[in-house]
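Numbering (my numbering), first residue to last: 5 to 525.
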């Protein structure tokens, strides 16, 4: 074809470099020849020493929220959905996987060419791939787990119940539209708990606790197959349409599989996480709204529990107002009406009002959507197990009672302890329950954060171990914030980041640097 005139504009902060192409009339297709950079913000390149196997490098992508533009020249907005084909040329001893249908592998000397096709239209942030020493095991006819060989047995055991989750989700929300639900267990530096890439969900290894106690992350990413991937927010200002709906769907899946008491405990955790976000945004209260204004703001900097948990409690309030049957009937019609589409909060409001007139006004939806914080009338999780923990008031639990606690109950207890806790309480907790030695990252990080906030500095070596081993932003934010807030441990935060920076994903680096900057470190 003919060469076309184009202009690369000056780079813009946050958004990148604009490519403008002058197109002749009736142009049907354009070919763009381009080269990416090893520093592309969507990519993390791992040295062999940063993997479990220790012998081969690893590459993975993370395109949400606006990082697809760093690896592919496209209009990187969820408002526009795309289909695509792709080939990845890799060393033949490595395996390439992609969030798309695998169409074949051809060997050419020392390299292998893997071919993929995504037939369903997706927003660009769901483009995803990884390359490394990988092995796989089928979990069902439509589900498979991928992992480094050294992790495969543990991952397959942890995620063995995924088919039951898919069946439960289909019973609630309708047929699964993506053909396969495969799972890739990521290296420890992966910045999120999970990423809902269609056909190939990326999952942090920190959920592999050995007892399947943290697999609610799988339920969340599966739920995105309907809420987020099938019906997508038009842009990051309406992110709650992805995440609030998905937390609601996740809770319904967990309730079906594990009972209402378990799902209510999870809701209680969500409420505590939401309160933490309100504290974090005390000086930016506008970021506690569901419908946000992000002009000039990097979506990664606005990332918090607000769209997840405030969105969930808003939807739960709607459900409690109209009744579950009516709400689920509306939800199914919503998923059908906007299937493979991108919508705004106004689109949601219009559709809901047409189906259930007057309910939004009755609930004062404007306070939920455009108000800061959360209405006092918000639903409150109800659980006998939660009530028992709250009755402790942060005091030392009875050993026999605590021995029966699930990891979720331990997390809730540790979060409920007033800060700073007394040294005697911290020492007794660790001596009696061995919390510093916990292998459950949710419990461990909750404990380490409590200990740091209470001046219990004997945990610092364990904190340094965790910061060197894990790149999940949720844990990094908690631990670096606690370290940097105490003048005694602030040098530990600076030293740990200097030592571990190269092993963190670019998104995680941005987060930690923001924490240290805010603390004056």
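Using N, Cα and C, we set each Cβ at its ideal position, and we do this for glycine too.
Fair warning: this is a prediction, and the values are worked out from it, not measured in the lab.
In the DSSP annotation of this structure, the continuous segment of the alpha helix (DSSP H) that includes residue 404 starts and ends at 403-406. Annotation for residue 351: the continuous alpha helix (DSSP H) segment containing it runs 349-359. A distance below 8 Å between beta-carbons, with the five flanking residues on each side excluded, links residue 60 to the following residues of its chain, in chain order: 52, 97, 98, 136, 137. Taking 8 Å as the cut-off, the beta carbon of residue 258 is found no closer than this to the beta carbon of residue 387. Judged by DSSP secondary structure, residue 179 falls outside any beta strand (DSSP E); it is assigned neither H nor E. Looking only at 322, 398, 328, 343, the smallest Cα-Cα distance to residue 361 is reached by 322. In the DSSP assignment, residue 49 forms a beta bridge with 63. In the pairwise beta carbon analysis, the segment 234-241 is classified as not touching the segment 260-268: fewer than three pairs are separated by under 8 Å. As summarised for the segment 135-186, the continuous alpha helix (DSSP H) elements at least 4 residues long and confined to that stretch are 153-162, 166-177, given in chain order. Taking a contact as a CB-CB distance under 8 Å, the pair residue 474 and residue 452 does not count as one, their CB atoms being some 11 Å apart. In the structure shown, the three-state DSSP call for residue 444 is coil.
For residue 303, there is no enclosing beta strand (DSSP E), since its DSSP letter is neither H nor E. Residue 478 counts as buried, since no fewer than 16 other beta carbons sit within 10 angstroms of its beta carbon. Where residue 429 is concerned, the enclosing alpha helix (DSSP H) starts and stops at 427-437.
Taking each of 155, 194, 171, 174 in turn and checking the Cα distance to residue 214, the smallest one comes out for 155. In this chain, residue 491 is not harboured by any alpha helix (DSSP H), its DSSP state being neither H nor E. Around the C-beta of residue 436, fewer than 16 other C-beta atoms lie within 10 Å, and the residue is accordingly described as exposed. Our two residues, residue 405 and residue 433, have alpha carbons roughly 14 Å apart in a direct line.
The residue from 57, 78, 20 with its alpha-carbon nearest to that of residue 33 is 78. The alpha-carbon of residue 487 is positioned some 5 Å away from that of residue 494. In terms of Cα proximity to residue 173, the closest of 336, 442, 150 is 336. Excluding sequence positions up to five before and after residue 183, its CB lies within less than 8 Å of the CB of 105, 146, 203, all in the same chain and listed in chain order. Taking the Cα positions, residue 443 is about 12 Å away from residue 466. With contacts defined as CB atoms closer than 8 Å, residue 86 and residue 128 qualify as a contacting pair. Proximity to residue 28 across 7, 46, 40 peaks at 7, based on C-alpha coordinates. Residue 187 sits close to residue 150, with the two beta carbons spaced by under 8 Å. A contact is defined here as three or more CB-CB pairs under 8 Å, and the segment 155-166 fails this definition with respect to the segment 314-334. The criterion of a C-beta distance shorter than 8 Å is satisfied by residue 253 and residue 177. Residue nearest to residue 379 within the set 308, 428, 282 is 282 (criterion: CA-CA distance).
Judged by beta-carbon spacing, residue 65 lies beyond the 8 Å limit of residue 91, meaning their Cβ atoms are not closer than that value. In the DSSP assignment, residue 109 forms a beta bridge with 118.
Look at the segment 215-248 and you find these whole runs of beta strand (DSSP E), each 3 residues long or longer: 235-237. For residue 338, the enclosing alpha helix (DSSP H) covers residues 328-341.
Taking 8 Å as the cut-off, the beta carbon of residue 275 is found closer than this to the beta carbon of residue 385. By the C-beta criterion, the segment 282-296 is judged not to be in contact with the segment 327-345, since fewer than 3 inter-stretch pairs fall below 8 Å. Rounded to the nearest angstrom, the gap between the Cα atoms of residue 296 and residue 289 is 10 Å.
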